[in-house]
Structures are given as C-alpha cells and as structure tokens.
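In what follows, a single structure is set out as structure tokens and then discussed.
Residue numbers (this note's numbering), protein chains in the order written: chain A, 1 to 402; chain B, 403 to 708.
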C-alpha cells in the first residue's frame, strides 16, 4: 500500500524526522487559507498522487486533454500564484513518467513552507532480498532519478545494511553520513534522523521509504523535503491505523474487487483472458500465449481456495474488459479439483452469458472427470491437454479460426 | 538417496489441529509420509486421527521433538503466528542437533521473515524451506515422504531433482518429467516471497552431491536476482545438466504478479535477464513449460544419460 506525501510527512514528524510545515488541502479555498496560515514568503504547491516524477509531469484537462500547466509541483511567491497553481492542479490530470499516459486526477494538494536549501541528497530504506535485511541507501545526487544515478555514477551511491537481529549500528550511520560529506554536528543530526527512520520502518512495517530530496538547509538542518512511503500489506493485521490513510481512488477498482474473492488480478493490454491457479503458472500461461503469437489480456491467479463463487467472479472480471476475445482456463489440480472447476466454469459461463471462445486445459487432481464434465455440456468449450495446445488453440480461435 | 528428506523422515506438523494442518496432515499420511505428531500450543495431549494412524498433539515443538525424535517440522499456522512458529522450531531443532523446517504459510510480513531467517541462519544444522511454498517431496517406491501441499499422485521415484519458486508450475514440471518417462529424486518449492530460507543455490548444491539425482529442473520467476546468482554459481560448480524456465516474460514492470516477490522493480528482475543468465551458464532453456520434458531429454542425451 502506498500513501501520499502529506501523509508520509505527518508520520515522519511523529517519528522524529524533520519536515517543514505544510498543510493538506482539497480545494482552492483551503489552499489560500493554508497559504495565509503558513505565513511563509515562499511556498511549494504540490500535487498529491501516488506516482513519482510529479515535478516534471504535466497537468491536462481530463475532458478536453488540453495542457493546463507544466510541472505538478510549483514554487509560489505570492497569494496570487498559489491561487493560479492550485486552480491548475486540483481536479486536473497529472501525467508523469510513472503514471503512464492515462495520468492521475489530482484530488489532493499540499502547501508547504519554503526552505533555503544548501545541498540536496537522496535517501531510501528498503528490503534487500538478496542480503535478507533492511538496506539504507544514500547519495549526494539529490533530486535526481536514483536509477539514473545508479547507471551513470554508481560510486555516488552509498549503502549500509541493518543487522536483522541487532538493528542499525551507530557506526554504520556515522560512516554513511561521512561518505555524504557530513561531519561534526550535522553528521550527528543525520545519524539521529537515520535512526528515527529505521525505527519508523520497523515499527510501521514499511516496504520502502524514499526521500528525494533530503536537504541540508542553510541553517544547517537535515530536512525531508519529499517523502514516499509504502507499507508491507502482509502486516496490515497489526496496523489498523493504515485503513485511514488508504486512498482508494489511487488503486485499481477491479484489482480490489478481485482481491475480495481471493483472486489476484492484473489487467494487461491483450485480447486473450486467462484464468489460472497459481501465480507462477498464471505468468507462464501468459508467456506461452505470447509465444504462440497472442497477447494476454490479464494475469489471474484464482488461488488455492477457489470455489464456484470466486470462479464466477473471475469470469465476470475477465469479461468486463472489452478487449477480451477469448479465454484460456489453465488448471493444474492439486487441492483444487478439476471437476469442481469444470462445473464452476459451466455455471459461470451461463451466468455471465459467455460469448467468446473458451479453451480449457486440465491436469492433476480429477482432470479426467473435469474434462468429461466439459465434453458433455452444452457449452462451446474446447478441451486440450497441455498448455502449449491450449495457447495455440485460443490464439487460433481469436483469429477467427475454427 | 534424495535431498533433505527421505522415506523414513519423521515429520511433525505445527498447527495440526487447524483446518489446513488437519487436511494436509491427512493427505501426507495417505501418501505414506511418516507423520509422528503435531504441535498446537494449549492442545497438548489431544489425539488427531489420520487415515493410517493416530498421532499425539504436543504443546511445543521442543516437547514434540523430545517425544518423537522428529527430524522435520512442517508449518501450517496462520501468517500472524508463522514467523514465531519458525523461530520456535529452529530453537528446538538446534537443541536437538538439527532438523528441517518447511513453512507453507503465505502472507507472512517481510520483516518477520527477515528476523526468522536470521535466527535460522545462526544454527548450522537447521534448514528452512519456504515460506509461501508447496513444500518438499521425495517420492518413494510406494508413496513416499510428502511434506507440504503438493498432490502426491503426480510424482514417481526417479533421478530428476526439481527446484522452483512456484507451486502449480512445479507440478507442471513434475508432469513434464513424467511425460518423458522420468521420475523425481526430490522436488523442492522454495517459495515466491522476497525473503525466504533455502534458495536455488542450496538446492543445486544438494542435488549435485546427491547420487540419486542425475539432472535438475529449475523454475524461476521474475523479481530479485536469485536466478542470475544461481546460474553463475552453477556454471562453476555443477556437473549435472540443468533445465531452466522462468515465468513472467510478459509481466509488466512495477506490478506484483500474485507472489509477493514477483515484481520487476527499477527495470531489474526481468525474465529476459534471467533467461540470458541461464544461457550464459550453459543451462538448457525451455521457453514454454510444456517443452520442459523435451528439453530434459536433450539434456540427458547430451550428458550420455539417455
């Protein structure tokens, strides 16, 4: 789960990480009120969406597609400018490098006091899968895209790892700060902030914290000028407070709906819908469709606990996508029995009025019974015995073959 | 032989009185797995009826090990408690000279797993497989040792070792070996979580040292760089032929594909990179899981094994 910058900063503040004063708003009136309240000569007017690259993004009118403003984060030097920028941002569509062409409608705005910057840094905390510990990564190239820095100037990135059982060592924090050129009092301040962030990462079960830029102010303070935080969803059960931070408008509605039925669904751009048990097999089914010249319309893992209800929901979700011209069902029965899936497929197809070709491949538990059920039903369904055959068949059928 | 478990392995089930534990305990027993007991805190002394025998429930893993001398513990407890269950098993096995922990549970918080894996790694003789995996199976002459949720009947004893991040895709690989008349020595599902216990290299190394295993099928998926590292390691250390497949060539970047670890982030962890690493390492590549059988036959023939 991702949260907005203004939410991340509020958690930073609670966790002892310095931020500048800011106010969250959702309309122009609030934005102007925030400006008055902040009483700062210069303020940043920041679009709040979950995707990055906001500063370099562009705002468009969601209906006409007309360009409204370049840049989703603006520095305002007067009340008038706040009004101009807030008007251009709220309700319009922000397209950034990370949103894709569709962009995101901006419903939230953050007005933040100005800050005199003496240097910008990059800082991130994340789980290092290979080292199986929390990695803290910093660079003097603040404000830059970290992947670009990693490519062009990898020696500018400095890393330390927390010990899984003993936590973050102070010596490592000092050495990380030193490698950023920070010494003396400012180094102390950096170390304290690293410790605060690490505690926040652990206590709140974060998946990632990224601050870009982290700045040294002219008055010598270390301040988080941006904040991108995501949480490990598996730990939701011990963090009930998270539900209040959730912005459903930032998530794919259909993915949430699928999740309710124990389905794992990701929409893609192709025309062949897939319904598979198991994440690896679901990916492999997509890959093989592509290998046979087709394009998968989705990833869909029905999970180990699938039943008639969830399989019906899966069919509905697949068919909501207007691009779908055929469906491949690929089940390797383990706990799931193929005959149960067969009956569910028939009922679901009838319920939703299936009008595209359907190819079913069963293997594993009760696959013979499953095939028999399908072969003896009224539904126009093609049964095959391997994934290759299934993929070849559905590609052929969606191209108008018989 | 086989790796890590064999037909006589004594298996304890953590969470045996739960729905999953009882169901899969029954299936394991039906496959002739030597289930020797179960653990559910607070339910010590209860009896669980399995098809072939009744087993006793213990309050703790340590008590269970003391009473049964089990050398494997399989975990079917809910995600909230699973890391604690792993640590309990690790501590108990360490006291008793070592053992294998197999954690089936899906959805364990990643920071819990970091702590649990670190604890397991402190003990030289304790191994963790999983979490979020189908488990490990060594088919025998009749039944065998099945520690997990895989359908037993699709397997047969043989000479192919299988290691995979995925569940049903592992079954697919098993079916592929069977389709060309080959059985399996041991099949290990290492799981699709970003932080897990046993990895590809551990499995490859064990298969290399196992006389029963003559060739290996390795199934990876997008995310992380475990496949690349394993390929590089295999190029230097493996004499036995390996057939490899990676799922997720068509997965879009930045989207989690079902498994917590199956995500291409920052352009890293793509299937193409992994396939390329396989090729560099001399691993036989199958681009379609339905081709694993044919590619395996070629690998065996090239090695003079068929």
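Backbone N, C-alpha and C define an ideal beta-carbon position, used for all residues, glycine too.
Checklist entry - Based on Cα-Cα distance, which residue from A:54, A:80, A:216 and A:84 lies nearest to residue 71 (chain A)? => result A:54
Next on the checklist: Within 8 Å, do at least three Cβ pairs link the region 683 to 695 of chain B to the region 635 to 648 of chain B?
Outcome noted: yes
Checklist entry - Taking one C-beta from the region 383 to 401 of chain A and one from the region 599 to 614 of chain B each time, how about it: are there three or more such pairs within less than 8 Å? => result no
Item to check | residue 571 (chain B): contacting residues in chain D (beta-carbon distance under 7 Å) | outcome: The chain inventory of the structure shown lacks chain D, comprising the protein chains A and B.
Item to check | Nearest-angstrom Cα separation, counted from residue 169 (chain A) out to residue 314 (chain A) | outcome: 48 Å
Checklist entry - By a C-beta neighbour count over all protein chains shown, 10 Å radius and 16 as the cutoff for buried, is residue 75 (chain A) buried or exposed? => result exposed
Checklist entry - By DSSP, does residue 260 (chain A) sit in helix, in strand, or in coil? => result helix
Checklist entry - For residue 537 (chain B), which residues does DSSP report across the bridge? => result B:550
Checklist entry - So residue 318 (chain A) packs on residue 327 (chain A), CB below 8 Å; how close in whole Å? => result 6 Å
Checklist entry - If you measure from the CB of residue 188 (chain A), is any heavy atom of the ligand HEM nearer than 7 Å? => result Questions concerning the ligand HEM fall outside what the structure shown contains, since it holds no ligand whatsoever.
Item to check | Contacts of residue 240 (chain A) in chain B (Cβ-Cβ under 8 Å) | outcome: Chain B residues near residue 240 (chain A): none, gap ~13 Å exceeds 8 Å.
Checklist entry - Applying a beta-carbon distance threshold of less than 8 Å, which residues of chain B neighbour residue 290 (chain A)? => result 651 and 652
Next on the checklist: Beta-carbon within less than 6 Å of residue 117 (chain A)'s beta-carbon, same chain only, minus the 5 sequence neighbours each way: which residues are those?
Outcome noted: 215
Checklist entry - Quick one, which of B:428, B:435, B:403 and B:671 has its alpha-carbon nearest residue 548 (chain B)'s? => result B:435
Checklist entry - Going by other Cβ atoms of all chains shown within 10 Å of its Cβ, with 16 needed for buried, is residue 164 (chain A) buried or exposed? => result buried
Checklist entry - Could you give the residue range of the beta strand (DSSP E) that holds residue 661 (chain B)? => result Careful: residue 661 (chain B) lies outside any beta strand (DSSP E) and carries neither H nor E.
Item to check | For residue 17 (chain A), the three-state DSSP class (helix, strand or coil) | outcome: coil
Checklist entry - Where are the beta strand (DSSP E) runs, 3 residues long or more, that stay fully inside the region 574 to 607 of chain B, in chain order? => result 586 to 591
Checklist entry - Taking the alpha carbon of residue 586 (chain B) as the point to measure from, which residue in B:534, B:597, B:540 and B:644 has its own alpha carbon closest? => result B:540
Checklist entry - Does DSSP put residue 426 (chain B) in a helix, a strand or coil? => result helix
Checklist entry - With residue 289 (chain A) and residue 302 (chain A) assumed to form a contact (beta carbons below 8 Å), what rounded beta-carbon distance in angstroms separates them? => result The pair is not a contact, with the Cβ atoms about 17 Å apart (cut-off 8 Å).
Item to check | Residues near residue 494 (chain B) in its chain [Cβ-Cβ closer than 6 Å; skip 5 each side] | outcome: 463, 464 and 467
Item to check | Which of helix, strand or coil DSSP assigns to residue 647 (chain B) | outcome: strand
Checklist entry - For residue 609 (chain B), which of helix, strand or coil comes out of DSSP? => result helix
Item to check | Own chain residues within Cβ distance below 7 Å of residue 342 (chain A), not counting five before or after | outcome: 370, 373 and 374
Next on the checklist: Do residue 242 (chain A) and residue 69 (chain A) have their beta-carbon atoms positioned less than 8 Å apart in this structure?
Outcome noted: no
Next on the checklist: Give me, in chain order, the residues of the same chain whose beta-carbon lies closer than 6 Å to that of residue 267 (chain A); leave out the 5 immediate sequence neighbours on both sides.
Outcome noted: 298
Checklist entry - Taking 8 Å as the CB-CB cut-off, is residue 552 (chain B) touching chain A? => result yes
Item to check | Under 8 Å (Cβ pairs) to chain B, residues found in the region 297 to 324 of chain A | outcome: 299, 301 and 304
Checklist entry - Do residue 35 (chain A) and residue 43 (chain A) have their C-beta atoms closer together than 8 Å? => result yes
Checklist entry - So, helix, strand or coil for residue 402 (chain A), using DSSP? => result Residue placement at residue 402 (chain A) cannot be trusted, given a pLDDT of 47 that sits under 50; the coordinates are not used to answer.
Checklist entry - Can you give the beta carbon distance from residue 676 (chain B) to residue 280 (chain A), rounded, assuming they're within the 8 Å contact cut? => result Actually they are not in contact, since the Cβ atoms of residue 676 (chain B) and residue 280 (chain A) sit about 13 Å apart, beyond 8 Å.
Checklist entry - residue 405 (chain B) and residue 608 (chain B) look like a contact to me (Cβ under 8 Å); what is the Cβ gap, rounded to whole Å? => result 4 Å
Checklist entry - Measuring CA to CA, which of A:202, A:129, A:123 and A:206 is closest to residue 173 (chain A)? => result A:123
Checklist entry - Which partner residues of residue 119 (chain A) appear in the DSSP bridge assignment? => result A:216
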